[in-house]
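To start, the structure itself, in structure tokens.
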Amino acid sequence: MPSEIRKERVYQYPPEVVWVALTDPRAIAEWLMPNTFKAEVGHKFKFMTDPHMFCSDAGTDCEVLELEPPRRMVWSWRMTDKKGCQYPPLRITWELEPTGAGATRLRFTQSGMTGQKRIAMFMMNMGWGYMVKRLIPKVLANCQADGGFAPGAIPLEKRCYKVKTVPEEFVR
């Protein structure tokens, strides 16, 4: 069984705009999860949703490991299951490459998944695919190359993860 997930997609936006979708905490909250993200190497941040079948209320602990705006970003990603057990950290890599005519190729890799259950691999693969193909494009329409983001691309009720009990310090 493969130990990583790879996704690749071309967006009709320049790298600076795609970078905003990947690094603005309000944008990330719309296409991924509520978070305490900051685009700073060494910053430890958390993703959190309301508890559900696959996620505990402990959230996902992450850290920005590498940052090369607007080309590359690497996170550690450590999940906690409903019983409170932490999985080994995964590595999330985002790479942006200009493709000409103002477009950008996004390469996403989630590695370090050796030992993950088959159902977990399947769910993560499907989830990342949906986000890269369906959700990030919606958020991109509200991003600007100067770093601006206008919230509201994906309303709360339409997001993948529900957020009624998430603490206030998390960007929604």
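Residue 168 in this note's numbering sits at position 118 of the sequence shown, with consecutive numbering throughout. Note that CB positions come from ideal geometry on N, CA and C, so glycine has one too. Fair warning: this is a prediction, and the values are worked out from it, not measured in the lab.
1. Go ahead and label residue 194 buried or exposed: buried means 16 or more other beta carbons lie within 10 angstroms of its beta carbon, across all protein chains shown.
2. Under a three-way DSSP split, which group does residue 172 fall into?
3. Kindly indicate the opening and closing residues of the beta strand (DSSP E) around residue 5.
4. Within 10 angstroms of its Cβ, does residue 186 collect 16 or more other Cβ (buried), or is it exposed?
5. Looking at the strands, I want to know which residues DSSP matches up with residue 127.
6. Compute the Euclidean distance between the alpha carbons of residue 165 and residue 173, then round it to the nearest angstrom.
7. Name the residue from 169, 89, 63 whose alpha carbon lies nearest to the alpha carbon of residue 118.
8. For residue 70, report the span of its alpha helix (DSSP H) as first-last.
According to the structure shown:
1. exposed
2. Here residue 172 sits in helix by DSSP.
3. Nothing can be reported for residue 5, as the shown portion of the chain is limited to 51 through 222.
4. buried
5. 112, 140
6. In this structure, the CA atom of residue 165 is about 15 Å from the CA atom of residue 173.
7. 89
8. 65 to 73
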